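Just so you know, the UniProt record's numbering puts 1 at position 1 of the sequence shown, and the rest follows in order with no gaps.
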Amino acid sequence: LALCLTEPDPSSLTAPALLTPLPGFSPFQMALYFCTGVLADETLFQHYALNVPFYTHFTSPIRRYADIVVHRLLSASLGARSPIKMEKEAIQKQADHCNDRKMASKRVQELSADLFFSVFVRVRP
1 LALCLTEPDP
11 SSLTAPALLT
21 PLPGFSPFQM
31 ALYFCTGVLA
41 DETLFQHYAL
51 NVPFYTHFTS
61 PIRRYADIVV
71 HRLLSASLGA
81 RSPIKMEKEA
91 IQKQADHCND
101 RKMASKRVQE
111 LSADLFFSVF
121 VRVRP
């Protein structure tokens, strides 16, 4: 933040540089975690941009708890481990919690960017 308090070089304030951080703007719909066993409509499993009817996404299981659950379920479905002893409603409850935390994290990130931007462009007396 200390760098934001110095006078900016006017030549560095180009239109693209100023328009890059558009607070609250996201061109993509945020993905949500859900348990397929609680949804009857299989069209909700599709990925619009990739145009595939069934889609799941996960990353390394060291990053997010939701990815650990997906890895465990996938391993169990392939017979590489014993089935998870959880009801689908409990899995959905965990998915809802992960969604809530992800949205809260995203909101804090957006607010932090807004604060940084407002400090950067504030008018000095």
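Cβ atoms here follow ideal geometry from the backbone N, Cα and C, with glycine treated the same way.
As the structure is a computational prediction, the values presented were derived from the model and not from experiment.
Simplified DSSP state of residue i, which is helix, strand or coil
i, result
"Pro21", "Confidence is the limiting factor: at Pro21 the pLDDT is only 47, short of 50, which leaves the residue's position unreliable, though a coordinate-based value still follows. DSSP places Pro21 in coil when its eight states are reduced to three."
"His47", "strand"
"Leu111", "helix"
Whether residue i touches residue j by CB criterion (7 Å)
i, j, result
"Ala49", "Cys98", "no"
"Ala76", "Ile84", "yes"
"Gln92", "Cys35", "yes"
Nearest neighbour of residue i, chosen from the options [CA to CA]
i, options, result
"Glu87", "Tyr33, Gln29, Ile62 and Val38", "Val38"
"Val52", "Arg107, Ser82 and Thr43", "Thr43"
Nearest-angstrom beta carbon gap, residue j and residue i [assumed within contact, 8 Å]
i, j, result
"Tyr33", "Gln46", "Rounded, the Cβ-Cβ distance is 16 Å, inconsistent with contact."
"His57", "Ala31", "7 Å"
(request) Kindly confirm or deny that the region 56-70 and the region 92-106 touch, where touching means at least three C-beta pairs closer than 8 Å. (result) yes
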